[in-house]
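The next block holds one structure in the form of structure tokens; read it before the comments.
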Amino acid sequence: MEFDAKICHGSKSDPEIMNSISGKKQNQARHSWCRIREESMLNGVTRNESACRSRMKTRILVTSALFSIASPIASQAFAQQADEAVATNAPDTSRQLDTVTVTARRVEENLQNAPVAVTAFNANDLELRAAEQLDDVARFSPNVAAYPGAFSVSDSGQLFIRGIGQFDYIVTTDPGVGVYLDGVYLARTTGNLLDLADVERIEVLRGPQGTLYGKNALGGAVNVVTRKPSNDARGKAAVTVGEYNRIDAYGFLSGPLVKDKLAGSIAVMTQNRDGYVERVLEPGKTQGGTDSQAARVALRWTPTESFSFDLAGDYTSSDTEQGPYRYAGRFTDDPAVLYTLLDPGGVDQYDTDNLLESYATGDNYVEVDIWGISGTAEWELGNSTLSSISSFRSSEIANLGDLDGTPFSILTEYDDISQEQFSQELRLSGTSMDGKLNYTSGLFYLTEDADQYINVDILSDLPVLPAPGILDRIVSANQKQESYAAYGQADYTLNEKWSVTGGLRYTYEEKKATLSTFRDTLGFYELAPGTYTESWDALTPRIGLNYQYSDSVLFYGSVAQGFKSGGFNGRATSLDTVGPFDPENVWTYELGLKSELFSRRLRFNAAAFMNDYEDLQFSVSSLADDGVTLLIGLENAAAAEINGFEMEVVAVPADNLDVSFSLGYLDAKFTEVSPQADEITADSKLMGAPEWTTSLAAQYRIPVHGLGEFTLAGDYSYRSKIYFNPLNTEGITGALELVNAQVSFAPENSNIQFTAGVTNLFDEEYYASGLGPAGLGMIRGVVGRPQEWFARATYSF
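Heads up: the sequence shown begins at 31 in our numbering, then just goes up one per residue.
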């Protein structure tokens with residue numbers, strides 16, 4: 031069966047449904063119905079009509095009910111409270127928005143004072159959205175996309191901000207979005223989908239951060255900030271049960287060890303859940319299950335008022351099932367022999383309507399061990415602060431699985447990836463010139479040693495091959511890199527309204543790659559072991575102009591540059607395809623607004639931008655000197671233009687009601703493509719760049735005297751059609767809408783809270799990611815999580 035985005039649709043509006051809705055809401059419901067119908071017709075999807083109409087009826091009725099309840103509150107609350115304040119001639123004492131502190135510019139400051147596009151989530155925000163890993167956060171950030179790896183390593187995450195990122199996990203390619211854990215840069219995408227149990231806040235910075243963050247932050251950066259030890263005793267324990275035999279447990283304890291001098295904390299977590307994709311031919315076996323444990327220990331030493339030292343160590347271990355891969359059809363009839371000789375019935379019979387089943391067979395595991403230690407020292411030196419961040423991290427990931435999702439040995443792969451990194455940063459920040467000048471400057475060093483071993487079994491069951499395994503190969507890569515940087519950025523206040531920003535970073539890096547490709551069955555090297563060295567340097571500036579219209583309204587404009595590292599082709603099969611390739615570069619021109627209105631009861635932030643994206647790294651093909659052999663390499667083969675806008679609204683229209691909304695738009699297109707590029711053409715769409723992203727979240731607290739407080743929370747996210755890989759594979763993509771809902775109860779005068787909820791409320795069937803290996807013509811789909819219930823009990827003090 032040919033498959034394009036398994037999206038529910040209907041043939042026409044249901045009179046029974048529409049009659050239950052009147053007026054303007056009927057038009058809204060009909061518009062929603064028609065939009066979904068049109069999308070499904072465009073994708074050519076056929077679904078069960080009666081089941082679809084039932085689900086659609088439920089959606090419309092639930093959505094209409096939410097509109098009916100929320101609309102009067104949201105539209106009247108601001109005006110009503112303002113009228114009451116005027117009538118009594120008294121100040122407005124109603125609840126206001128909390129001040130959000132971020133470190134987006136490497137110093138702590140109010141979110142509304144930072145002239146950059148950034149979204150911040152605290153621990154409560156994450157819990158109310160049922161966010162468990164870093165990719166869950168992307169659904170609530172405009173123009174941000176995150177999805178699990180579709181290669182063999184399912185523990186890697188692909189992060190894209192404003193259409194810029196990286197979809198390959200191999201150690202010789204670098205990410206396009208920087209991920210930072212307590213200020214420490216994580217150099218690899220493997221293992222970067224961090225668990226969020228011990229998080230204080232997450233900051234998503236959009237746009238190139240080349241000055242303060244450096245290389246590989248050309249799309250943006252994600253700051254993950256964990257909770258620090260406290261001199262006040264506090265703690266938390268939570269147990270969660272749910273669908274697929276889910277049992278999670280979390281504990282956190284913090285308090286003083288030496289009064290006012292030394293504090294400590296410890297956090298432990300375990301996650302256990304069966305897989306949700308069943309193997310049809312191996313009853314009892316599943317894919318997508320979780321069995322992981324994590325711990326974090328931290329100490330905070332404050333011997334004087336002007337000095338502090340934070341020492342933290344973390345460890346994560348998991349032994350889980352292979353990612354929820356399945357065969358999802360094919361995007362080409364080539365090679366035709368694959369579909370005629372392997373199975374008389376054709377391999378397409380294994381692309382069934384049930385996404386939660388797979389015909390994969392064989393071994394099925396992912397083993398992960400990640401640990402790290404960091405030390406952060408801060409000295410207060412009058413009007414300045416000197417900081418030192420030292421860190422060492424290590425990771426080991428091994429996995430084996432059937433990647434084709436059929437009973438045949440078409441593509442089976444074993445990966446073993448190990449990585450160690452050490453980084454050191456010195457930073458000086460402060461103020462001078464009577465507070466008119468605010469500056470941040472620093473030095474940065476990173477050294478990394480990464481190994482990768484890939485053993486891939488290709489088409490071993492194909493009967494026309496002279497012997498099984500003659501296409502198999504072992505790909506080995508080791509990369510050592512050193513990176514040095516010096517940077518500085520300053521804001522200078524011209525007068526009460528105007529200020530300017532200027533910054534510059536110089537980066538120098540050197541990479542040494544040892545590569546080989548061995549045909550193990552035939553016993554020869556396609557690429558003999560060899561070591562290759564290259565170096566690059568870059569200057570990445572930032573210039574900005576800021577206008578403080580009032581205490582609560584800020585306008586800003588900026589020009590900034592970012593770059594992603596150059597490197598070598600870790601899958602090279604000949605000397606001609608080793609590389610190197612050069613860094614990617616982007617220039618971004620941005621206009622933004624930060625505002626808080628209605629006595630700080632509504633926050634409205636917006637930005638519009640233009641990205642000039644150059645030297646994109648893509649696969650290219652060419653002929654060898656013999657005129658016959660096809661060579662596949664990596665080169666800077668394209669340029670693109672990405673324009674768009676985004677807005678975010680956070681409001682407290684009533685004292686017991688919190689609402690947040692986000693909207694993002696991208697117009698992304700290639701402006702230049704090399705004739706040798708074999709993955710893209712000038713008409714291709716950029717991967718990881720959906721045209722529209724939007725989200726809506728709300729929580730409503732209901733206090734009941736003598737009983738306690740109930741909290742109702744729900745969220746909705748929408749992402750228009752997205753492509754997961756450069757080939758624009760159609761069989762796994764489509765628009766996606768997800769809804770989560772939960773209710774909590776906290777008994778009066780108690781430290782206990784009970785929560786019950788459902789994720790993917792309407793049980794959407796979708797692919798969270800996917801890949802179409804060009805040489806095989808087949809599509810590998812990564813199935814998104816289905817509807818799941820959960821219940822949680824939490825005790826905190």
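Glycine residues also receive a C-beta, built at the ideal position from the N, C-alpha and C atoms.
With contacts defined by Cβ atoms closer than 8 Å, glutamine 591 and proline 145 do not form a contacting pair. As computed with DSSP, lysine 510 is found in a beta bridge with Asp479 and Lys542. When the Cα atoms are used, glycine 738 and threonine 203 turn out to be separated by approximately 53 Å.
Two segments are said to touch when three or more pairs of C-beta atoms, one from each, lie closer than 8 Å; by this definition the region 478-491 touches the region 438-453.
Looking at the DSSP output, serine 604 bridges to nothing. Boundaries of the alpha helix (DSSP H) around leucine 158: 153-158. Under a 10 Å Cβ-count criterion, phenylalanine 438 is classified as buried, with 16 or more other Cβ atoms of the shown protein chains found around its own Cβ. For leucine 141, no beta strand (DSSP E) run applies, since DSSP gives it neither H nor E. Residue range 738-749 is occupied by the beta strand (DSSP E) that includes leucine 742. In the displayed model, glycine 761 falls within a helix according to three-state DSSP. For the pair tryptophan 819 and valine 788, the CB atoms are nearer than the 8 Å cut-off. Rounded to whole angstroms, the separation of the alpha carbons of asparagine 253 and serine 690 is 21 Å. The DSSP-derived three-state label of glutamine 239 is coil.
Note: serine 690 is bridge-paired with Val680 and Ala727 in the DSSP secondary-structure output. A distance below 6 Å between beta-carbons, with the five flanking residues on each side excluded, links asparagine 576 to the following residues of its chain, in chain order: Pro145, Ser529 and Tyr586. Cβ-Cβ distances below 6 Å link proline 610 to Glu564, Gly596 and Phe598 in the same chain, with the five nearest sequence neighbours on each side left out; the list follows chain order. Between the beta-carbon of isoleucine 447 and that of threonine 256 there is about 25 Å, and that puts the pair past the 8 Å contact cut. Nearest to asparagine 143 by C-alpha distance, out of Arg423, Ser629, Lys289 and Leu584, is Leu584.
Excluding the 5 residues flanking it on each side, threonine 763 has same chain C-beta neighbours closer than 8 Å at Asp34, Ala35, Lys751, Ile752, Tyr753, Phe754, Tyr797 and Gly800, in chain order. Between threonine 741 and isoleucine 782, the gap from beta carbon to beta carbon reaches 8 Å or more.
Exclusion of the five residues before and after glutamate 676 leaves Pro172, Asn173, Ala637 and Gly694 as the residues of its chain whose Cβ lies within less than 6 Å of its Cβ. Contact annotation: glutamate 387 and glutamate 308 have beta-carbon atoms nearer than 8 Å. If you look at aspartate 166, you'll find it isn't in any beta strand (DSSP E); it sits in the alpha helix (DSSP H) that goes 164-167.
Note on geometry: alpha-carbon atoms of isoleucine 419 and aspartate 434 lie some 44 Å from one another. For leucine 467, the CB contacts under 8 Å within the same chain, skipping 5 residues up- and downstream, are Thr461, Ala520, Asp521, Tyr522 and Thr523 in chain order. Bridge partners of glycine 533 according to DSSP: Gln519 and Arg572.
Taking glutamate 512 as the centre and dropping the five residues before and after it, the same chain places the C-beta of Thr477 and Glu540 closer than 6 Å to its C-beta, in chain order. Non-local beta-carbon contacts of valine 773 in its own chain, meaning distances under 8 Å to residues more than five positions away in sequence, involve Phe740, Thr741, Leu742, Ala743, Thr785, Ala786 and Gly787 in chain order. When beta bridges are read from the DSSP output, glutamine 301 appears opposite Asp278 and Ser322. In terms of Cβ geometry, alanine 407 and phenylalanine 339 form a close pair [threshold 8 Å]. Remark: three or more beta-carbon pairs, one from each stretch, lie closer than 8 Å, so the region 718-725 and the region 692-710 are flagged as touching. Beta-bridge annotation (DSSP): glutamate 564 is paired with Lys541. By the 16-neighbour rule on beta-carbons within 10 angstroms, glutamate 157 is buried. Ranked by Cα distance from serine 186, the options Leu632, Ala153, Gln352 and Gly285 are led by Gln352. Distance from the CA of alanine 712 to the CA of aspartate 198, rounded to the nearest whole angstrom, comes to 21 Å.
Contact annotation: the region 272-287 does not touch the region 389-400, with fewer than three C-beta pairs closer than 8 Å.
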